[in-house]
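2 protein chains.
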Amino acid sequence: MPIAQTSEKKRQRAPSKRSLETRERVLDAAEAVFALRGFDGATIRDIVAESGEPLGTIHHHGGGKEVLFQQVVARRAEALSGARLEALARAQAGGAADLPAVLGAFMRPFFDLSQKEPRWRHYARLVAFVSADDRWRALSARFFDPTARVFLAEIRALLPGASEQGVAEGFVFSVSAMLALLTSQERIGTLGDGRVAEAAQIDHLVRFCAAGLATGARAAGQA
Amino acid sequence: MPIAQTSEKKRQRAPSKRSLETRERVLDAAEAVFALRGFDGATIRDIVAESGEPLGTIHHHGGGKEVLFQQVVARRAEALSGARLEALARAQAGGAADLPAVLGAFMRPFFDLSQKEPRWRHYARLVAFVSADDRWRALSARFFDPTARVFLAEIRALLPGASEQGVAEGFVFSVSAMLALLTSQERIGTLGDGRVAEAAQIDHLVRFCAAGLATGARAAGQA
DNA sequence: CCTTATTTCGAACATCTGTTCAAGTTAAAC
DNA sequence: GTTTAACTTGAACAGATGTTCGAAATAAGG
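Each protein sequence line maps, in turn, to chains R and S. If you read the first sequence in our numbering, its first letter stands for residue 966, the second for the next number, and so on. If you read the second sequence in our numbering, its first letter stands for residue 966, the second for the next number, and so on.
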């Protein structure tokens, strides 16, 4: 899944195991630093310090600051989409899923993955940055929009009275609320009872958004 | 309302009218640039270009990049709080206000001000940055939290069955949804039918959040 | 009208930042 | 085992960036 389309000369040898490990360390460090400081606030030398790799190595594996950022976003995108679509399929296994179940299938995988693997919290913050900044619209469109469209269609099917525009707005509100919880959660995520409290907050988030979406649909239907 | 508390030597002369106008131009330009590029992405020389003022003048009036940012945030904070509290008082003029009215009093002034004075759109984006980044927590706490607490108390009074924690979460969800609309709106704000479409979106936003808050309270009351 | 605090202005400075480069090392392909 | 593509490493570079500084212009206070 290469990002750059232009003038790629083909490799003549498979990368070594050591090289692959180095690349992983570079991307992990970049993910952490970008998540903490944002794209403009982050420095290649911050990533050097975080990874322990020398300066030249960051560029060798990263391909420049901007391409490095894109690689970090791309690395976990497929896993995220997969988890969301699987959760949706699971919710629909026993017949039609209701609105909270569909919303939950979209939102919960992010939190579940964050609890299993702390690096996903960094990725979550990164996704918030990508979603909020027009500069990364192309990244959003490529990696997140296709899955979002699937869920949008499911939600529309559950709200037959709603306008397409209204559902889309409600979905945007929902995603922004999810990202707010996801990123604010980071600073209390490692606390003792964080896991228990977080589960309740996610339940609340899903209920909140489901109610908001349903009401918007109802009002649009009346008008 | 000075930001810096440390070692301020008192002025011996009133600032000239020309000086005040220059300061205003500097803050306007800084507001626009910070709103467009964020704190780290913005450059003093970007502000030089935007304002037309020479480099030294930015520092003379701004007091350094970080203090300049704080000044920009501070400048319109009081007007925003005032507009929100007035809207709340107006909503409660004829007896008790319901949840959508209270939420609307918090959210609508931002959009109303943006329509009257386009510079408020820049300020709105700035507020989104400040709210999203822990680095500016102190600014948030000083300029926005007091008013938010007033509205939080009003909402709690309207939802007697809800837990304090649950209402606070719902309020956070609501604010993040509002900021999402506010910042995404910027790119289509100057379109021809922008005003009409925006009004409908704000109605939708208020209904969405009111429904979400009410449902969260109901569920918490049941449990 | 004086005095001088304040403002205007841009050159200069030290530091930071992304990137390049070349020499040395490693390991894939045969 | 040999060859050499790929990787590792850090010094060096060009440009950007926040800040400082002093001289000149302006206007408040008397």
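Even glycine gets a Cβ: it sits at the ideal position worked out from N, Cα and C.
Here residue 1098 of chain S carries a coil assignment [DSSP, helix/strand/coil].
The contact set of residue 1005 of chain R on chain S, defined by CB atoms closer than 9 Å, consists of 1002, 1003, 1004, 1005, 1006 and 1007 in chain order. Contact of residue 1105 of chain S with chain R by beta-carbon distance below 8 Å is absent, the smallest such distance being about 12 Å. Rounded to whole angstroms, the separation of the alpha carbons of residue 1180 of chain R and residue 1062 of chain R is 18 Å.
Within chain S, 1131, 1134 and 1181 have C-beta atoms less than 7 Å from the C-beta of residue 1169 of chain R, given in sequence order. Annotation: residue 1073 of chain S to residue 1087 of chain S spans about 16 Å, alpha carbon to alpha carbon.
Comparing alpha carbon positions, the residue from R:978, R:1011, R:1103 and R:1141 closest to residue 994 of chain R is R:1011. For the C-beta of residue 1166 of chain R, the chain S residues within less than 7 Å are, from N- to C-terminus, 1134. Note on the segment 1011-1099 of chain R: whole alpha helix (DSSP H) runs with a minimum of 4 residues are 1020-1027, 1030-1056, 1064-1081 and 1084-1097, in chain order. Across the segment 1055-1076 of chain S, no CB contact with chain R closer than 9 Å is found for any residue. Per DSSP, residue 999 of chain S is one residue of the alpha helix (DSSP H) stretching across 982-1006. The beta carbon of residue 998 of chain S sits closer than 6 Å to those of 1007, 1011, 1012 and 1015, all from its chain and outside the five residues before and after it, given in chain order. Segment contact: the segment 1040-1058 of chain R against the segment 1016-1026 of chain R, fewer than three CB-CB distances shorter than 8 Å; contact not assigned. For residue 977 of chain S, the secondary structure class from DSSP, reduced to helix, strand or coil, is coil.
Classified as buried, residue 1139 of chain R has 16 or more neighbouring CB atoms from the shown chains inside 10 Å of its CB.
The CB of residue 1173 of chain R comes closer than 7 Å to the CB of 1135, 1138, 1177, 1180 and 1181 in chain S, given here in chain order. If you draw a 10 Å sphere on the C-beta of residue 984 of chain R, you find fewer than 16 other C-beta atoms in it, and that means exposed.
DSSP, read as helix, strand or coil, puts residue 1126 of chain S in coil.
Contact annotation: residue 996 of chain S and residue 1091 of chain S have beta-carbon atoms nearer than 8 Å.
Not a single CB atom of chain S sits nearer than 8 Å to the CB of residue 1079 of chain R. Looking at the backbone, the Cα of residue 1121 of chain S and that of residue 1128 of chain S are separated by about 8 Å. Counting only the Cα atoms, residue 1136 of chain S lies some 27 Å from residue 1036 of chain S. In this structure residue 1050 of chain S is not in contact with residue 1123 of chain S, their Cβ atoms being roughly 17 Å apart against a cut-off of 8 Å.
Non-local beta-carbon contacts of residue 1071 of chain S in its own chain, meaning distances under 6 Å to residues more than five positions away in sequence, involve 1049 and 1116 in chain order. Leaving aside the five residues that flank residue 1113 of chain S on each side, none in its chain has a CB nearer than 6 Å to its CB. Residues 1068, 1139 and 1142 of the same chain have their beta carbon placed closer than 7 Å to that of residue 1174 of chain R, with the five preceding and five following residues left out of the count. Not flagged as an interface residue toward chain R: residue 1089 of chain S, since no C-beta distance is shorter than 8 Å. Residue 1173 of chain S carries a helical assignment under DSSP once its states are collapsed to helix, strand and coil. Straight-line measurement puts the Cα of residue 1111 of chain R at about 34 Å from the Cα of residue 1183 of chain S.
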